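Protein chains in written order, with our numbering: chain A, 20 to 131; chain B, 80 to 190.
Below is one structure; the comments refer to it alone.
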């Protein structure tokens with residue numbers, strides 16, 4: 020059964036801390052892995068990863084994929100209260116429809 | 080910023096009512112999706128569409144139905160709402176690339 024597992028389920032840190040969010044997957048015919056940030060409304064796209072070992076970076080956020088060990092991490096450095104959100108990991112399968120499998124998310128709470 | 084809209088944002092209705100959740104996108108995307116998300120849980124795909132006149136059921140069994148008469152419009156209908164339908168419903172679309180853009184969601188409460 021295809022699945023995506025994220026850890027930890029929730030995390031409380033203080034501003035300035037660095038956090039690492041984990042996403043492991045078992046998906047047949049892997050095509051890509053995506054990270055989203057979900058606040059009170061729509062999930063917004065952060066990164067798409069298709070190749071192992073190549074870091075994607077955007078400001079204080081970065082992510083990397085390991086296709087051999089079947090996981091990805093999302094790092095956030097110098098966290099701010101605005102980083103508080105649920106971070107979703109999704110894996111796309113290269114089937115007829117390119118179906119996406121989502122993890123349950125990591126809820127990050129950054130305290131001042 | 081993605082142009083995908085869902086209405087209503089919040090809906091509280093009684094058991095047995097028929098409801099339609101609206102989803103529209105102005106990006107010309109072929110693929111559209113409906114997900115159901117309970118608090119603290121993962122998104123579950125309930126319906127998807129390749130394009131006009133194409134609809135398929137997703138992984139999670141759902142008593143809802145969808146239609147795709149126009150590229151930009153992908154409404155979801157519940158013929159007779161029940162308390163078990165209480166959830167958040169997220170609509171998404173994507174082009175040939177694989178990034179899904181999400182609407183703001185509809186929070187449905189069935190009393």
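In this text, a Cβ means the ideal position worked out from N, Cα and C, and glycines have one as well.
Quantities reported herein were computed from a predicted structural model and do not represent experimental measurements.
Beyond the five residues adjoining it in sequence on each side, residue 86 of chain B comes within less than 6 Å, by CB distance, of 101 in the same chain, given in chain order. Taken through DSSP and simplified to helix, strand or coil, residue 100 of chain A comes out as helix. Under the three-state reduction of DSSP output, residue 62 of chain A falls in the strand class. For the region 94-118 of chain A, residues whose beta-carbon sits nearer than 8 Å to a beta-carbon of chain B comprise 107, 109, 111, 116, 117, 118. Non-local C-beta neighbours of residue 130 of chain B in its own chain, meaning closer than 8 Å and more than five positions away in sequence, comprise 109, 110, 147, 150, ordered along the chain.
The continuous stretches of beta strand (DSSP E) do not include residue 164 of chain B, and DSSP gives it neither H nor E. For the set A:112, A:22, A:35, A:59, the Cα lying nearest the Cα of residue 43 of chain A is the one of A:22. Annotated three-state conformation of residue 130 of chain A is strand, per DSSP.
Using a 10 angstroms sphere on the CB of residue 78 of chain A, the tally of other CB atoms stays under 16, which defines it as exposed.
Boundaries of the beta strand (DSSP E) around residue 186 of chain B: 185-189. Residue range 119-121 is occupied by the beta strand (DSSP E) that includes residue 121 of chain A. Residues of the same chain with a CB within less than 6 Å of the CB of residue 99 of chain B, apart from the 5 flanking positions on each side, are 154, 156 in chain order. For residue 83 of chain A, the enclosing beta strand (DSSP E) starts and ends at 80-85.
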